[in-house]
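Numbering (the working numbering), first residue to last: 496 to 830.
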């Protein structure tokens, strides 16, 4: 292992379109609604938002969704995980859903992954990273059963800027042929596994950048590291560009399990991006942030619209050990 600090500069310059996946499940029917935001109603258990502009305010957090007595995707997914039931979900689906955990997107989607934007019923299928769209609300149950053969149904990728395509009245960007391809293996997200690093789906650089050997405050020798990822997340109607790092430790005795540990973490960034939304201009920023925690996240872009292009360069620094231990030679973590 390298003991000296290393610097990782992640630079991306991409023109792209993106997409998503979903988990179809059922819980008991929701109870009657309390108060609703103006322009928001519930139609057969699914949120209907009156305009793309209104949805943009909700998905970016500019407007908060009132607390509703309906089962959203986030709550339903957590309930199913806690129940220990065998989920009809693959690893791609699980990683896709958990990457959006705590976001407005999963609070807006209903328990099965549907939302109505203007007149469009949209279903996000996280298992195959696709978005199913129709103006015929009567097709909801049919879509839930996996039948998208109707000519009234359009199929898009999670990588697609779906709202922009709908505004242009675009047709499907994906063939429907393989939509219901069978899940080859059963994925159990609760199964115990031991792997190196944080096992983040987007980027785990733990094998390429060195740990720092340190001493615990209560004795013992430990390895400390920063694991980081730099992500453009796409889910058809929700997009994010962000960087995130975790400070981890494990005993230097052959243990395979890394534990998140609070410390001082710093990030410095330089980015440019251009949204696909009509009239957008190039946005730029050079800045920094820091925290005393086990992780630090910097979100540069969050929207219902995708990015036309972006450039991102970021550097993380951390103090090895934090409140758990220290580096005897004063080495910093840098990635």
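Ideal Cβ positions, reconstructed from N, Cα and C, are used throughout, including at glycine.
Which one of the options has the shortest CA to CA distance from residue i?
i, options, result
"residue 826", "820, 818, 819, 814", "814"
"residue 741", "613, 727, 778, 791", "791"
"residue 798", "593, 533, 600", "600"
"residue 652", "632, 674, 773", "674"
"residue 722", "711, 706, 728", "706"
"residue 633", "614, 623, 625, 622", "614"
"residue 773", "654, 647, 662", "662"
"residue 779", "562, 761, 543, 804", "804"
"residue 757", "708, 783, 820", "820"
"residue 806", "822, 829, 830, 777", "777"
"residue 630", "647, 624, 623", "647"
"residue 553", "623, 708, 535", "535"
"residue 755", "789, 785, 708", "789"
"residue 565", "578, 577, 543", "543"
"residue 802", "532, 546, 654", "654"
"residue 561", "577, 533, 709, 575", "533"
"residue 587", "669, 784, 620, 785", "620"
Going by beta carbon distance, what residues of the same chain come within less than 6 Å of residue i, once the five residues before and after it are set aside?
i, result
"residue 671", "643, 650"
"residue 759", "787, 814"
"residue 667", "649, 650"
"residue 824", "none"
"residue 548", "none"
"residue 891", "Here the chain has residues from 496 to 830 only, and residue 891 is not among them."
"residue 783", "763"
"residue 558", "552"
"residue 545", "534"
"residue 578", "none"
For residue i, count neighbouring C-beta atoms within 10 Å of its own C-beta (all shown protein chains included) and say buried if the count is 16 or more, exposed if not.
i, result
"residue 541", "buried"
"residue 800", "buried"
"residue 592", "buried"
"residue 550", "buried"
"residue 817", "buried"
"residue 752", "exposed"
"residue 606", "buried"
"residue 573", "exposed"
"residue 635", "buried"
"residue 597", "exposed"
"residue 664", "exposed"
"residue 687", "The predicted model places residue 687 with a pLDDT of 35, which falls under 50 and marks its position as unreliable; any figure quoted below should be read in that light. Label assigned to residue 687: exposed."
For residue i, I'd like the list of residues in its chain whose CB is within less than 7 Å of its CB, leaving aside the five on either flank, ordered along the chain.
i, result
"residue 737", "726, 792, 793, 794, 795"
"residue 765", "781, 808"
"residue 677", "The predicted position of residue 677 is uncertain, since its pLDDT is 47 and thus under 50; a value taken from the coordinates is nonetheless stated next. Within the same chain, residue 677 has no close Cβ partners at all."
"residue 711", "717, 819, 820"
"residue 775", "769"
"residue 708", "498, 716, 718, 747"
"residue 822", "707, 709, 815, 816"
"residue 669", "625, 650, 651, 652"
So who's on the other strand from residue i, going by DSSP bridges?
i, result
"residue 739", "724, 792"
"residue 765", "781, 808"
"residue 589", "None; residue 589 has no bridge partner."
"residue 536", "543"
"residue 746", "717"
"residue 711", "820"
"residue 617", "610, 628"
"residue 734", "729, 798"
"residue 567", "605"
"residue 649", "628"
"residue 893", "Not covered by the structure: residue 893. The range shown for the chain is 496 to 830."
"residue 828", "813"
"residue 770", "802"
"residue 668", "Answer is none; residue 668 lacks a bridge partner."
"residue 776", "Answer by DSSP bridge pairing: none, since residue 776 is not bridged."
Verify the contact flag: residue i, CB atom, against every heavy atom of the ligand ATP, threshold strictly below 7 Å.
i, result
"residue 777", "The model depicted lacks the ligand ATP and carries no ligand whatsoever."
Between which residues of its own chain and residue i is the CB-CB distance below 8 Å, once the five residues before and five after are set aside?
i, result
"residue 538", "611, 632"
"residue 617", "609, 610, 611, 626, 627, 628, 657, 731, 732"
"residue 556", "599, 797"
"residue 645", "629, 631, 634, 637"
"residue 785", "759, 760, 761, 762, 791"
For the region 648 to 663 against the region 728 to 742, are there 3 or more C-beta pairs whose distance is under 8 Å? yes
Should the region 712 to 727 be called in touch with the region 740 to 757, which here means at least 3 C-beta pairs below 8 Å? yes
Closer than 8 Å is the cut-off here; do at least three beta carbon pairs connect the region 764 to 774 with the region 631 to 643? The region 764 to 774 is not in contact with the region 631 to 643.
Touching by the beta-carbon criterion (3+ pairs, under 8 Å), the region 562 to 570 and the region 600 to 610: yes
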